[in-house]
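Taken in order, these protein sequences are the chains called A and B.
For the first sequence, our numbering assigns the number 53 to the initial residue and increments by one for each residue that follows.
For the second sequence, our numbering assigns the number 235 to the initial residue and increments by one for each residue that follows.
From the three backbone atoms N, C-alpha and C, an ideal C-beta is built for every residue, glycine too.
Just so it is clear, the structure is predicted and the values come from calculations on it, not from any experiment.
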Amino acid sequence: MNWKETVKVLLLTAGFVLVGNLIGFKINPIEALPGMLFLLAIVLAGLALAKIVPIKLPSIVYISALGIMLTVPGFPGAEWFTAQASKVQFLALCTPVLAYAGIASGKDLDDFKKLGWRIVVVSSLVFIGTFVGSAIIAQVVLKFTGQI
Amino acid sequence: MKKPSEWKVHALVLGMVIIAELIGQKKFQVGPGQAILLPMLYALVMGLFMGPKYLKLVTMEEMKLATPFISISVMLLMAKYGTTIGPSVPLLLKSGAALILQELGNLGTIFFAFPVALMLGFKREIIGAVHSIARESSLAVVADIYGLEGPEGRGVMGVYICGTLFGAIFFGIMAGIFGSLNIFHPYALAMACGVGSASMMAASSGSLSAMFPEMANEIQAFASASNLLTGADGVYASLFLALPITEWLYRKFAREDKSQTQTKLAATKEVR
Numbered sequence: 053m054n055w056k057e058t059v060k061v062l063l064l065t066a067g068f069v070l071v072g073n074l075i076g077f078k079i080n081p082i083e084a085l086p087g088m089l090f091l092l093a094i095v096l097a098g099l100a101l102a103k104i105v106p107i108k109l110p111s112i113v114y115i116s117a118l119g120i121m122l123t124v125p126g127f128p129g130a131e132w133f134t135a136q137a138s139k140v141q142f143l144a145l146c147t148p149v150l151a152y153a154g155i156a157s158g159k160d161l162d163d164f165k166k167l168g169w170r171i172v173v174v175s176s177l178v179f180i181g182t183f184v185g186s187a188i189i190a191q192v193v194l195k196f197t198g199q200i
Numbered sequence: 235m236k237k238p239s240e241w242k243v244h245a246l247v248l249g250m251v252i253i254a255e256l257i258g259q260k261k262f263q264v265g266p267g268q269a270i271l272l273p274m275l276y277a278l279v280m281g282l283f284m285g286p287k288y289l290k291l292v293t294m295e296e297m298k299l300a301t302p303f304i305s306i307s308v309m310l311l312m313a314k315y316g317t318t319i320g321p322s323v324p325l326l327l328k329s330g331a332a333l334i335l336q337e338l339g340n341l342g343t344i345f346f347a348f349p350v351a352l353m354l355g356f357k358r359e360i361i362g363a364v365h366s367i368a369r370e371s372s373l374a375v376v377a378d379i380y381g382l383e384g385p386e387g388r389g390v391m392g393v394y395i396c397g398t399l400f401g402a403i404f405f406g407i408m409a410g411i412f413g414s415l416n417i418f419h420p421y422a423l424a425m426a427c428g429v430g431s432a433s434m435m436a437a438s439s440g441s442l443s444a445m446f447p448e449m450a451n452e453i454q455a456f457a458s459a460s461n462l463l464t465g466a467d468g469v470y471a472s473l474f475l476a477l478p479i480t481e482w483l484y485r486k487f488a489r490e491d492k493s494q495t496q497t498k499l500a501a502t503k504e505v506r
């Protein structure tokens with residue numbers, strides 16, 4: 053994907069998120085616009101860093117790192133950034149991502165039909181086992197260290 | 235044949251977002267627990283059935299066209315994660331020990347899924363299938379050690395495909411049920427939400443934060459921090475812990491021609 057394509061898809065997704073944000077959370081797009089522009093700026097800066105910095109890391113590493121840095125307590129303007137970003141609801145951001153994922157994954161439905169029920173059972177147990185295993189350790193350590 | 239249209243894909247996504255958000259969140263009772271269905275899950279399911287065999291709204295080429303759009307649109311979500319983690323950094327540092335140690339809990343899949351996979355009659359497919367939650371990094375490790383054509387590769391591909399198609403739905407519902415059962419603290423569950431893909435995490439932490447709105451920020455911060463950690467350590471956990479443990483269990487419990495196991499192991503060592 054070239055730059056032009058990437059920016060186009062980013063802007064489209066941002067627009068879809070603002071629509072979802074309005075319908076699902078009754079947040080006026082004009083009110084959410086500064087937060088959305090802030091998130092877009094983080095993404096573009098992250099992409100640019102991934103290109104410039106000689107250490108090859110995936111761009112999402114730079115994007116999340118920038119997001120953390122700008123909103124960590126004590127960073128100049130952190131509170132304002134956080135307040136703006138919070139107007140763009142997390143759940144509204146997920147909906148278009150999963151809509152794209154749904155369309156793209158539709159082509160795997162045929163592969164899935166060939167798999168058979170046994171692997172579906174095993175997959176479900178893999179999901180439960182990974183989730184519960186992690187929750188058990190987290191619960192024990194949080195209790196032990198007095199966090200909960 | 236008509237030329238594949240990128241704009242049709244975008245227009246469909248907008249349509250799905252509008253329909254999904256209009257339906258809104260739905261709660262329902264599952265046994266003793268409560269599950270939450272989120273708009274993102276409706277969007278996913280609608281998307282899955284857009285293809286030529288079902289709703290006939292997109293062609294095979296257009297489905298392929300949509301693949302890079304996932305990784306672009308997910309960047310906005312990653313930026314949002316960053317802004318959720320940032321304000322919670324002090325809390326995350328205090329809970330650092332739990333965040334790091336719960337990564338070991340990802341090995342829980344082996345103990346849950348191994349015995350059942352054995353009972354269901356799987357052979358070496360088990361090693362690929364149950365060693366981890368089978369996201370891209372595990373796929374890469376299994377491909378590297380065993381190749382994707384053999385039984386281990388078939389195993390990991392099977393779970394990978396199930397995860398891509400139903401992982402988000404499964405995680406969304408599972409997190410909701412566990413959240414309502416009151417066995418685990420929402421923070422512990424939030425960390426568990428980060429064990430898989432970005433969409434699994436989005437769906438599960440979404441359900442949890444809809445259930446505990448007063449803790450929504452902390453839940454998303456824990457979930458995304460855990461997901462970032464899994465992204466960083468997943469390859470090594472598969473390579474040095476999960477696969478050797480599963481191999482060992484398989485040698486111990488599966489009845490198989492010994493010589494075949496030996497050659498496989500020798501091959502494994504050579505690759506490493």
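Would you kindly work out how many angstroms separate the C-alpha atoms of residue i and residue j, rounded to a whole number?
{"i": "B:L335", "j": "B:A459", "result": "13 Å"}
{"i": "A:L143", "j": "B:V308", "result": "12 Å"}
{"i": "A:E83", "j": "B:M250", "result": "23 Å"}
{"i": "A:L122", "j": "A:L63", "result": "22 Å"}
{"i": "B:K314", "j": "A:F164", "result": "32 Å"}
{"i": "B:S178", "j": "A:E131", "result": "Residue numbering for chain B in the displayed model covers 235 to 506; residue 178 of chain B lies beyond these limits and cannot be assessed."}
{"i": "B:I361", "j": "B:G285", "result": "33 Å"}
{"i": "A:I189", "j": "A:A100", "result": "38 Å"}
{"i": "B:I453", "j": "A:A66", "result": "24 Å"}
{"i": "A:V71", "j": "A:I120", "result": "26 Å"}
{"i": "B:K290", "j": "B:T301", "result": "18 Å"}
{"i": "B:A374", "j": "B:V350", "result": "25 Å"}
{"i": "B:K328", "j": "B:P420", "result": "16 Å"}
{"i": "B:V376", "j": "B:E386", "result": "7 Å"}
{"i": "A:P110", "j": "B:G265", "result": "42 Å"}
{"i": "B:I252", "j": "B:F418", "result": "34 Å"}
{"i": "B:L477", "j": "B:G397", "result": "19 Å"}
{"i": "B:M449", "j": "B:M435", "result": "16 Å"}
{"i": "A:N80", "j": "A:A153", "result": "26 Å"}
{"i": "B:A466", "j": "A:A156", "result": "25 Å"}
{"i": "B:G413", "j": "B:N451", "result": "16 Å"}
{"i": "A:F77", "j": "A:P106", "result": "41 Å"}
{"i": "B:E481", "j": "B:F348", "result": "11 Å"}
{"i": "B:M294", "j": "B:K236", "result": "12 Å"}
{"i": "B:F303", "j": "A:L177", "result": "30 Å"}
{"i": "A:L194", "j": "B:R369", "result": "27 Å"}
Could you check whether the Cβ of residue i sits closer than 9 Å to any Cβ belonging to chain B?
{"i": "A:I79", "result": "no"}
{"i": "A:A151", "result": "yes"}
{"i": "A:I112", "result": "yes"}
{"i": "A:A100", "result": "no"}
Using beta carbons (cut-off 9 Å, strictly below), is residue i in contact with chain A?
{"i": "B:F474", "result": "no"}
{"i": "B:A471", "result": "no"}
{"i": "B:S371", "result": "no"}
{"i": "B:Q336", "result": "yes"}
{"i": "B:T318", "result": "yes"}
{"i": "B:A254", "result": "yes"}
{"i": "B:S493", "result": "Low per-residue confidence applies at B:S493: pLDDT is 48, beneath 50, and the placement is therefore not dependable, though the value from the model is reported in the following sentence. Cβ-Cβ to chain A under 9 Å: no for B:S493."}
{"i": "B:Y380", "result": "no"}
{"i": "B:V505", "result": "Caution is warranted here: a pLDDT of 48 is assigned to B:V505, below 50, making its placement in the model unreliable, and the coordinate value is therefore given only provisionally. Closer than 9 Å: no."}
{"i": "B:Q454", "result": "yes"}
{"i": "B:G468", "result": "no"}
{"i": "B:V375", "result": "no"}
In the DSSP assignment, find the unbroken beta strand (DSSP E) run with residue i in it and report its ends.
{"i": "B:I270", "result": "G267 to L271"}
Please report the residue range of the alpha helix (DSSP H) in which residue i lies.
{"i": "B:V264", "result": "That residue, B:V264, is in no alpha helix (DSSP H); its beta strand (DSSP E) goes K260 to V264."}
{"i": "A:Q191", "result": "W169 to F196"}
{"i": "B:A457", "result": "A450 to Y470"}
{"i": "A:N73", "result": "W55 to F77"}
{"i": "B:M284", "result": "No alpha helix (DSSP H) holds B:M284; DSSP gives it neither H nor E."}
{"i": "B:V376", "result": "E370 to I379"}
{"i": "A:I107", "result": "No alpha helix (DSSP H) contains A:I107, which DSSP labels as neither H nor E."}
{"i": "B:E386", "result": "P385 to L415"}
{"i": "B:F418", "result": "That residue, B:F418, is in no alpha helix (DSSP H); it is neither H nor E in DSSP."}
{"i": "B:S439", "result": "A432 to M445"}
{"i": "B:R485", "result": "L477 to F487"}
{"i": "B:G330", "result": "G330 to L335"}
{"i": "B:H244", "result": "E240 to I257"}
{"i": "B:L352", "result": "G342 to M353"}
{"i": "B:T317", "result": "M294 to I319"}
Return the Cβ separation of residue i and residue j in integer angstroms, given the expectation that the two are a contact with Cβ distance under 8 Å.
{"i": "A:Y114", "j": "A:G126", "result": "At roughly 21 Å, the Cβ-Cβ gap does not stay under 8 Å, so A:Y114 and A:G126 are not in contact."}
{"i": "A:G185", "j": "B:L341", "result": "6 Å"}
{"i": "B:L442", "j": "B:A424", "result": "6 Å"}
{"i": "B:G440", "j": "B:G401", "result": "At roughly 14 Å, the Cβ-Cβ gap does not stay under 8 Å, so B:G440 and B:G401 are not in contact."}
{"i": "B:I270", "j": "B:Q259", "result": "6 Å"}
{"i": "A:T58", "j": "B:G320", "result": "Not quite, the Cβ-Cβ distance comes to about 24 Å (not below 8 Å), so this is no contact."}
{"i": "B:E359", "j": "B:G339", "result": "So it is not a contact: roughly 24 Å between Cβ atoms."}
{"i": "B:Y276", "j": "B:A254", "result": "4 Å"}
> Along the chain, which unbroken stretches of the alpha helix (DSSP H) at least 4 residues long are found entirely within the stretch 115 to 173 of chain A?
Replying inline: For the stretch 115 to 173 of chain A, whole alpha helix (DSSP H) runs of length 4 or above, ordered along the chain, are 130 to 137, 142 to 157 and 161 to 167.
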